[in-house]
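**Q** The structure's right below; bear with me while I get my questions together.
Protein chains in written order, with the working numbering: chain A, 32 to 550; chain B, 32 to 550.
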């Protein structure tokens, strides 16, 4: 189904056929849960942005009560009965959006009800214990203090996955939580191709490239001016302040309670202009996806983001494909020159080079550039899959981590704090999360290329600060279709004409960095 | 029971006697409802202070879902059964705080479960319809457009009251919603005494008094400086920013989600320094009460505010007894002089006079000073009681309103917009609410007098900007006892040694204004 059809698809909330009443009852229950989810979203945002410190315990109690109420609704036997009746009827009489509503609700039902309370409780406890253990272990660079948590997560995730779907590998079932419709076989295919292209490109850049001059972005930049500039850019990109807010928090994020109540946050450091700027544009990309959700299906799972990877594609499309492009530097350079007295003569080419320098040594994922980032992800993906498959054991992890860092990224961590302990994810049992970052980057490259084809003036528009054409294109092709498609590949097929094709991403990087580094 | 005992009372969550298990089950249910109430409180605060305008519909849906969940919990038959068992056992084995928990829970149970859904629904609808009708009627100064709403409210309130307690008068049952343990017979006694004292005092002030010079507070005052000053004063009075926030909203209020999460708001106008200043101190009084709630009984109704009147006593104690006193002017005058360049030589006596001028004409309640305010309240109290008793009919209301304005306050509204239509309360069915404003003022005078007796240095402390003695006294005597006492009179007896005595209030006003107006 083409995206243009998605947008103009006539809305009907009832099937023509037999199960009209059941479908309506299902929607009522789903909408109530969605509203409860929105309230929890607001509690979370408030906690990060507004809540006084002394209220931490009361907020924990509020979240726990909400989680209990949500669990009761999610496991309500009436909901199960409705889904049984609707699923047994196949797709007869339901349009594609309605079919997606039933499919997604069924999926959530299975993932919630198959897990006994004992396991759900232990997972929640291990999240807290794991975070504590990880913090200590990283602080002391002592992997042994984190290893028991990791052992227990591996065993818990295997147990959980077998309960949800014993016919599939534990990793595939875990992955499904973050990237619907994706399999490790498919990721292997994609990541192998990416690794084969990126490792030599990186080698070339490092050995033969002429690095751009980054000195212009070094120094001290007033944070108030950074905030004013970034807020005005977020609005120019299309963030709607009538349906959202912009605030400051320690860790930038996009949250809120509803597509009409999207709350993004930013953070600014006076010694790092790039981080604040690209961070704000990254969150704007997430926020535009949220504000673009299809209100014709308000409160139904079909209007939710398809996956973490697709969500990340929207932040990375704006952060990388747009904001790290030369046309955007043409728009941005005079703005920076106006905002900061030390940049009076900033030129677009100079800014473009400085924003796109590849790090000489890329040891830490969260500080990586777009060339080295996927190699960090591939390393983590391989290891977490091998842990679940049993081909790598927990005690061997630090050694293998360091070996692959050397092989893929050309640098070796000096200790485990800088190596295997650098990320928080595994401490919370988030196995299957890492790949979505790079899938997002690849979706973004492919989506951007399709938009370029459909909107021939795109680069000129960006240079002129005109972003509404791109935003509308994304609204129609990506945002409005929500979870209509069962996988990222299907969404790519509908929006760009082919499933995810990593060669688009590789081609983009190769072309860009060949020019930039004069390879 | 003396307040000092209240504070040191040993906490036990279980009765020694037979119904220990039932009491614990009751507490668990009550705490969950309290937590849900806190979440609703946060939703309300956010709506007034943070929410983007476009999210209004989604917020309404969130509030409605929360109200539905709360209603289910409030009317849970298991809760009713527990209360039956606990109530039938009398107070055997329960300490006074536990007895108060059971008493308050029983009271809430009756007030919720006796009202059929039909009436609850109609009341909710009539609140919205009433607000619309009132807005139109006031805009056109056309009482006829509001009269049908008022007729329906009178009938609905009679019906509701009869369902809750047919043995008492409809007005007394309605009053109980806002002022627990209060009766109209007791208010008649109090208000008659107040009216007999105030009407001649006001006449004397107007006819024989020498008004203080108010020119010093006229002019334009930078709102940013006002906000900075008021926020610093709120902190000096004792507002704890670790357990609360200070923000700005269109209508100042104090809300939040818990005693550790108290959120007060203020508003500043550049042409009115007094309103911003006294408003901020008023809200600080409410906020200190909320932050002072007894966390030994967290989530239980005994730690809630006793009544609207007692809550108002805390805001008015700080706004009037403290901030409108001469010692406070001694503290405030140099601060104002520092904050506003047009007040370089401001003297305490000059400021005290300007802050305490009695309006020449007091037509509007919300703009009234402390001398005329009670007369506005007495007029409304008489009329709403007479409406429910049937001794005044809705069509006669505007005429009687104007006659009593002339008689009590010496001025006659030029139309109904300025007269009977000036307040929003009746449009929402809030019959029994008005008296709490003036009961609060009288509680405040009596409480302050008791504090003065216990803290001999009180006035010198205030002049020196030392407020912690008064705050601690209020924490122990008023805040911590929450809803332990069944009425405001009982609280007054425990905290000050005698039930509410309006002569303390009259004496305070007479003495203050005799000196100020040189009577």
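Cβ atoms here follow ideal geometry from the backbone N, Cα and C, with glycine treated the same way.
Quantities reported herein were computed from a predicted structural model and do not represent experimental measurements.
Anything in chain A within Cβ reach of residue 277(B), meaning under 7 Å, just list it in chain order.
**A** For the purposes of this step, residue 277(B) is taken as residue 246 along the second chain, with counting starting at 1. In chain order: nothing, as chain A lies at least about 10 Å away.
**Q** Taking only beta-carbon positions, decide if residue 497(B) is within less than 8 Å of chain A.
**A** Translated into positions along the second chain, residue 497(B) becomes position 466. Not an interface residue.
**Q** Where do the ends of the alpha helix (DSSP H) carrying residue 271(B) lie?
**A** Counting from one through the second chain, the residue named residue 271(B) turns up at place 240. Where residue 271(B) is concerned, there is no enclosing alpha helix (DSSP H), given that its DSSP letter is neither H nor E.
**Q** Based on Cα-Cα distance, which residue from 436(A), 532(A), 149(A), 541(A) lies nearest to residue 217(A)?
**A** Looking up residue 217(A) in the first chain gives position 186. Comparing Cα-Cα distances from residue 217(A) to each of 436(A), 532(A), 149(A), 541(A), the minimum goes to 532(A).
**Q** Flag this pair as touching only if the region 394-409 of chain B and the region 443-456 of chain B have three or more C-beta atom pairs under 8 Å; answer yes or no.
**A** yes
**Q** Ignore the nearest five residues each way along the sequence and tell me which others in residue 254(A)'s own chain have a CB closer than 6 Å to its CB.
**A** Indexing the first chain from 1 puts residue 254(A) at position 223. The answer, listed in chain order, is 299, 301.
**Q** So residue 319(A) packs on residue 270(A), CB below 8 Å; how close in whole Å?
**A** To locate residue 319(A), count along the first chain from 1; it is residue 288. To locate residue 270(A), count along the first chain from 1; it is residue 239. Between residue 270(A) and residue 319(A) the Cβ distance is about 7 Å, and since that is below 8 Å, they are a contact.
**Q** Alpha carbon to alpha carbon, how far is residue 208(A) from residue 144(A)? Give it in angstroms, no decimals.
**A** Here the question's residue 144(A) lines up with position 113 in the first chain. Here the question's residue 208(A) lines up with position 177 in the first chain. Between the C-alpha atoms of residue 144(A) and residue 208(A) there is a straight-line separation of about 14 Å.
**Q** I'd like the list of long-range same chain contacts for residue 542(A), defined as Cβ closer than 8 Å, with 5 residues on each side in sequence excluded.
**A** Counting from one through the first chain, the residue named residue 542(A) turns up at place 511. Correct list: empty, nothing qualifies.
**Q** Does residue 136(B) get closer than 8 Å to chain A when you measure Cβ to Cβ?
**A** Residue mapping note: residue 136(B) aligns to position 105 of the second chain, counting from 1. Not one chain A Cβ lies under 8 Å of residue 136(B).
**Q** Based on DSSP bridge pairs, tell me the residues matched to residue 289(A).
**A** Walking along the first chain from the start, residue 289(A) turns up at place 258. For residue 289(A), which the question treats as bridged, DSSP gives the partners 292(A).
**Q** Are residue 352(B) and residue 491(B) close, meaning C-beta to C-beta below 8 Å?
**A** As a working note, residue 352(B) is residue 321 in the second chain. As a working note, residue 491(B) is residue 460 in the second chain. No, they are not a contact pair.
**Q** So that I know if they touch, is there some Cβ in chain B lying closer than 8 Å to that of residue 289(A)?
**A** Translated into positions along the first chain, residue 289(A) becomes position 258. Yes, residue 289(A) lies at the interface with chain B (some Cβ there is under 8 Å from its Cβ).
**Q** In chain B, what lies closer than 9 Å to residue 226(A) by C-beta?
**A** As a position in the first chain, residue 226(A) is number 195, starting the count at 1. The contacting residues do not exist; residue 226(A) stays about 44 Å from chain B at best.
**Q** Starting from the C-beta of residue 472(A), find all residues in its chain whose C-beta is less than 8 Å away, skip the five residues before and the five after it, and write them out in chain order.
**A** The count along the first chain starts at 1 and reaches residue 472(A) at position 441. Closer than 8 Å at the Cβ level, and outside the excluded window around residue 472(A), lie 343, 344, 347, 351, 401, 404, 405, 536.
**Q** At a CB-CB cut-off below 7 Å, which residues of chain A make contact with residue 274(B)?
**A** By one-based count along the second chain, residue 274(B) stands at place 243. Below the 7 Å Cβ cutoff, chain A contributes 83, 85, 86 as neighbours of residue 274(B), in chain order.
**Q** How far does the alpha helix (DSSP H) with residue 185(A) in it extend, from its first residue to its last?
**A** For the purposes of this step, residue 185(A) is taken as residue 154 along the first chain, with counting starting at 1. Unbroken alpha helix (DSSP H) run through residue 185(A): 178-195.
**Q** Taking DSSP as the reference, what is the three-state secondary structure of residue 351(B)?
**A** Reading the second chain from its first residue, position 320 is the one you call residue 351(B). Residue state, collapsed to three classes: helix.
**Q** Determine the contact status of residue 61(A) and residue 460(A), defining contact as a CB-CB distance below 8 Å.
**A** On the first chain, position 30 is the one that residue 61(A) refers to. On the first chain, position 429 is the one that residue 460(A) refers to. No, they are not a contact pair.
**Q** Please go through the same chain and pick out, in chain order, the residues whose beta-carbon is closer than 8 Å to the beta-carbon of residue 176(B), but skip the five residues on each side of it.
**A** For this step, residue 176(B) is matched to residue 145 along the second chain. Once the five neighbours on either side are set aside, the close Cβ partners of residue 176(B) are 164, 167, 168.
**Q** Taking the alpha carbon of residue 94(B) as the reference point, which residue from 196(B), 72(B), 109(B), 115(B) has its own alpha carbon closest?
**A** Here residue 94(B) is taken as the residue at index 63 of the second chain, counted from 1. It is 72(B).
**Q** Let me confirm a value: residue 109(B) is counted as buried when at least 16 other C-beta atoms fall within 10 Å, else exposed. Which label applies?
**A** Against the second chain, residue 109(B) aligns to sequence position 78. Exposed.
**Q** Contact defined as beta carbons within less than 8 Å: I believe residue 215(B) pairs with residue 203(B). What is the distance between those atoms, to the nearest angstrom?
**A** Your numbering for residue 215(B) matches position 184 in the second chain. Your numbering for residue 203(B) matches position 172 in the second chain. The pair is a contact, with the Cβ atoms about 6 Å apart (cut-off 8 Å).
**Q** What's the C-alpha gap between residue 429(B) and residue 189(B)?
**A** On the second chain, position 398 is the one that residue 429(B) refers to. On the second chain, position 158 is the one that residue 189(B) refers to. Going from the Cα of residue 429(B) to the Cα of residue 189(B) covers about 22 Å.
**Q** To the nearest angstrom, how far is the alpha carbon of residue 326(A) from that of residue 113(A)?
**A** In the first chain, the residue the question calls residue 326(A) occupies position 295. In the first chain, the residue the question calls residue 113(A) occupies position 82. Computed Cα separation, rounded: 24 Å.
**Q** Measuring alpha carbon to alpha carbon, tell me which residue in 410(B), 275(B), 294(B) is nearest residue 284(B).
**A** Indexing the second chain from 1 puts residue 284(B) at position 253. Nearest option by C-alpha distance: 294(B).
**Q** Under 8 Å, do residue 6(B) and residue 232(B) count as touching if we go by C-beta distance?
**A** Nothing can be reported for residue 6(B): it is not among the residues displayed for chain B, which extend from 32 to 550.
**Q** Residue 241(B): buried (16+ other C-beta within 10 angstroms of its C-beta) or exposed?
**A** Taking the second chain and counting its residues from 1, the one referred to as residue 241(B) is at position 210. Exposed: under 16 other Cβ atoms inside 10 Å.
**Q** Over what stretch of residues does the alpha helix (DSSP H) that includes residue 105(A) continue unbroken?
**A** Counted from its first residue, the first chain places residue 105(A) at position 74. From DSSP, the alpha helix (DSSP H) with residue 105(A) extends over 87-105.
**Q** State the Cα-Cα distance for the pair residue 398(A) and residue 442(A), rounded to the nearest angstrom.
**A** Position 367 of the first chain, counting from 1, holds the residue named residue 398(A). Position 411 of the first chain, counting from 1, holds the residue named residue 442(A). Near 14 Å, if we compare the C-alpha coordinates of residue 442(A) and residue 398(A).
**Q** Would residue 187(B) and residue 134(B) qualify as a contact pair, given that the criterion is a beta-carbon distance under 8 Å?
**A** Translated into the one-based positions of the second chain, residue 187(B) becomes position 156. Translated into the one-based positions of the second chain, residue 134(B) becomes position 103. Result no, Cβ atoms of residue 187(B) and residue 134(B) do not sit closer than 8 Å.
**Q** Any chance the region 270-280 of chain A sits against the region 82-93 of chain B, with 3 or more Cβ pairs inside 8 Å?
**A** Judged by Cβ distances under 8 Å, the region 270-280 of chain A makes contact with the region 82-93 of chain B, as three or more pairs qualify.
**Q** Identify the continuous alpha helix (DSSP H) that holds residue 334(A) and give its terminal residues.
**A** Here residue 334(A) is taken as the residue at index 303 of the first chain, counted from 1. Premise fails: residue 334(A) is in no alpha helix (DSSP H) and is neither H nor E.
**Q** Skipping 5 residues on each side, what residues in its chain have a beta carbon closer than 6 Å to that of residue 561(B)?
**A** Look at the range of chain B in this structure, 32 to 550, and you will see that residue 561(B) is not part of it.
**Q** Quick one: residues in its chain with C-beta nearer than 7 Å to the C-beta of residue 211(B), no 5 flanking neighbours on either side, listed in chain order?
**A** Counted from its first residue, the second chain places residue 211(B) at position 180. 337, 338, 517, 518, listed in sequence order.
**Q** Measuring from the CB of residue 427(B), is there a heavy atom of the ligand MN at a distance below 7 Å?
**A** You won't find the ligand MN in this model; it holds no ligand whatsoever.
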